[in-house]
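See structure below.
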Amino acid sequence: MSNLFNTISTIVTIPTLLLFSLVAVTIHKTHRYFTSPLRHQQIPGPLLAKFTTVYSLYYVLRRNWHLKMIDLHTQYGPIVQVSPHEVLVNDPKYRDVIYSFASKDKSFLPKAKMFETGKINNDLSFIFERSPQAARAGRKELGHIYSEAGLRLFEVDFDQCVEDLITGLKNHHIEAGTESTNLTKWMQFFNFDLATRLATGESAGFCLAGKDLGSANSALRIIMDVVGTLFFVPVTLSITTAWVRKMLLNRQLEQIWATSFDTKGSTKEARLEEIRMNKPGYLLARFWQAQEKLRRLYTTGNETEGITTHMFNLIAGAVGVAPQAHISILDHLLASPPVLQKCITELNAMGTTTVSMADYFPFDGPQQRLPYLQACIKESLRIAPPLGFSLLREAPEGGVRIGEFHIPKGVDIGMAAGPVHHSTFFGPDASLYRPSRWFETHPSLLNLEGEPLEMKRFIERNWIPFGAGARMCLGRHLAQNALMKVTGRMLAEFEIEVVSRPKGWFGFVVHQDGFLVRLKRRRDGDFAVAM
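The numbering used here puts the first residue of the sequence shown at 155, with every later residue one more than the last.
Listed below in structure tokens is the structure:
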């Protein structure tokens with residue numbers, strides 16, 4: 155018996171096992187490649203990507219997948235296969251095919267299965283929900299909360315959070331005499347304060363404190379990093395459940411709730427009930443009302459978890475995504491002195507440092523008082539969209555046709571904002587930051603009146619900074635409000651000297667870390683920019 159064991163031990167060594175595993179995986183990948191329905195379509199793309207998801211995962215882990223996708227489209231064209239079951243498109247003319255209404259029965263293509271990675275309970279999460287029917291119901295109950303008209307009711311809350319940001323920067327940087335300050339952190343603090351104030355009527359107080367209270371911001375960053383990595387690992391859903399993923403991140407979630415709801419000395423349920431009764435006009439109370447109506451779709455869900463899921467989506471969008479846009483906007487402006495001067499001149503003409511919703515609402519209305527500032531913000535969202543990943547949808551029964559290719563059922567297909575926005579579809583200089591393009595006309599297209607089509611209209615019909623179609627981001631108006639108010643106030647209040655430009659890297663979003671600046675208060679009437 156011992157001789158047999160020794161013989162087996164001699165043959166089955168670790169190198170042998172590794173070699174056997176490698177051969178088995180290679181055979182599996184090769185078989186999948188040759189039997190894949192995509193193979194016969196001969197969609198352009200790297201050969202390795204057609205065999206294995208390791209190709210895209212490599213760039214995800216290197217944190218530059220958002221840039222690699224742009225390179226792939228430059229090399230292979232508008233339709234590229236990037237994994238055995240994933241096809242990317244950067245031609246905006248296919249936007250409506252992928253994201254708009256597919257049929258009256260299904261309404262629109264379901265999100266790819268990978269979105270289930272973010273599901274941690276049995277309640278609606280609009281970001282991660284795959285079902286078209288559930289998403290439609292969620293939009294019906296939640297959409298009006300985030301509408302332009304709905305957000306007008308919160309202008310005092312927006313303005314107070316902006317004021318707290320300015321006060322915090324003055325107290326903790328200018329008057330404290332620090333050499334520089336990390337504007338990335340301050341934008342995270344502002345957005346956490348804004349999200350909690352809109353939800354509960356009370357700010358979390360990060361800006362006035364000048365620090366991450368309760369480590370809630372750090373907790374959110376951990377969640378974003380973990381989900382943002384697992385999201386791209388194909389085996390995640392095979393080796394985890396919603397409960398496992400929740401337990402993995404439960405500590406961080408409780409840190410966020412403790413700070414967001416101020417649950418010290420109270421249970422989460424009791425604090426939610428208190429906010430619902432005492433602050434009926436704020437978002438948590440309105441989430442509660444929506445959740446009661448959504449209960450018919452999620453009969454096994456939990457009332458408290460359903461409400462906190464809506465709250466998490468608000469915080470994740472506000473603190474996880476919006477700060478990247480804030481930083482990118484300021485970075486582009488500060489790197490372009492002539493553009494910055496035009497913005498400041500426009501702001502100076504208003505005679506106040508506070509940007510009011512009346513100055514830019516509706517966003518595309520004729521009464522705009524800050525058209526150039528808005529163009530700068532939109533141009534930054536175009537050239538450096540904060541969402542870095544592709545918004546994948548699953549091809550339905552019967553497949554879907556994209557150009558000359560038939561994408562069969564079950565294959566993921568989608569667009570990423572970066573590759574779309576950098577496409578020459580928007581012009582030969584699409585990769586350049588040039589806000590003036592928003593005031594130009596299209597070189598060849600006409601509008602319904604037979605006049606040259608405004609580039610502004612052309613871009614907005616085809617870009618996807620907030621997604622597209624029926625699943626477009628619910629919080630886009632909230633984000634646009636914050637971007638206008640914060641950018642305008644920062645430029646009017648401070649002279650900003652860049653110490654270190656932000657470093658972008660790919661996660662669930664394109665993070666803009668380490669934006670170090672020195673701030674100096676502007677003198678009254680001093681709106682000149684050093685050229």
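Idealized CB from N, CA, C, for every residue including glycine. These figures come from a predicted structure and were not determined experimentally.
Contact between A479 and L637 holds, with the beta-carbon distance rounding to 6 Å and staying under 8 Å. Considering only N275, T458, Q522, S414, the residue with the shortest C-alpha distance to A472 is S414. Here Q196 is exposed, its C-beta having fewer than 16 other C-beta atoms within 10 Å. Checking the DSSP bridge columns, you'll see T335 partnered with V671. A distance below 8 Å between beta-carbons, with the five flanking residues on each side excluded, links G557 to the following residues of its chain, in chain order: P232, I233, D245, Y248. With 16 or more other Cβ atoms inside 10 Å of its own Cβ, E533 counts as buried. Below 8 Å, enough C-beta pairs join the stretch 275–295 and the stretch 457–464 to call them touching: three or more. Scanning the stretch 430–470 for uninterrupted beta strand (DSSP E) segments of 3 residues or longer gives nothing; none is fully contained. Rounded to the nearest angstrom, the gap between the Cα atoms of G359 and I410 is 13 Å.
Secondary structure note for Q409: its alpha helix (DSSP H) is the uninterrupted segment 396–415. By the Cβ rule, the stretch 536–550 counts as touching the stretch 656–663, because three or more pairs are nearer than 8 Å. For F312, no beta strand (DSSP E) run applies; the uninterrupted alpha helix (DSSP H) run containing it begins and ends at 309–323, by DSSP. Counting only residues of its own chain and dropping the five nearest sequence neighbours on each side, N635 has a CB closer than 8 Å to the CB of L305, F312, M511. I252 is classed as buried because its beta carbon has at least 16 other beta carbons within 10 Å across all chains shown. By the criterion of a C-beta distance shorter than 7 Å, I376 is surrounded in its chain by Q406, once the five residues flanking it on both sides are discounted. Cβ-Cβ distances below 8 Å link V664 to H220, Q478, A538, P539, P540, L541, G542, G572, G658 in the same chain, with the five nearest sequence neighbours on each side left out; the list follows chain order.
If you compare the alpha carbons of L226, K365, P491 with that of E651, the shortest gap goes to P491. Of the candidates D250, S420, T508, L501, the residue whose Cα lies closest to the Cα of P525 is L501. When DSSP states are grouped into helix, strand and coil, M504 belongs to the coil group. By the Cβ criterion, the stretch 361–379 is in contact with the stretch 387–406, since at least three pairs of Cβ atoms, one from each stretch, lie closer than 8 Å. Remark: three or more beta-carbon pairs, one from each stretch, lie closer than 8 Å, so the stretch 592–601 and the stretch 610–622 are flagged as touching. Counting along the chain, M609 sits inside the alpha helix (DSSP H) bounded by residues 609–616.
For C497, the closest C-alpha among the options G382, G474, C530, S254 is that of C530.
By a beta-carbon distance limit of 8 Å, V574 does not contact V316. Their separation comes to about 31 Å.
Separation of T332 and H326 (C-alpha to C-alpha, rounded to the nearest whole angstrom) is 8 Å. Looking at the DSSP output, M569 bridges to L545. Here H560 is bridged, per DSSP, to R555. In this structure Q235 does not touch A266 by the C-beta definition: roughly 15 Å separates them, more than the 8 Å allowed.
In this structure, the beta-carbon distance from H596 to A584 does not fall below 7 Å. The way I'd put it, the stretch 621–634 doesn't touch the stretch 435–447; fewer than three beta-carbon pairs between them come closer than 8 Å. Going by DSSP, Q235 is part of the beta strand (DSSP E) stretching over 233–237. If you look at I531, you'll find it in the alpha helix (DSSP H) that goes 525–537.
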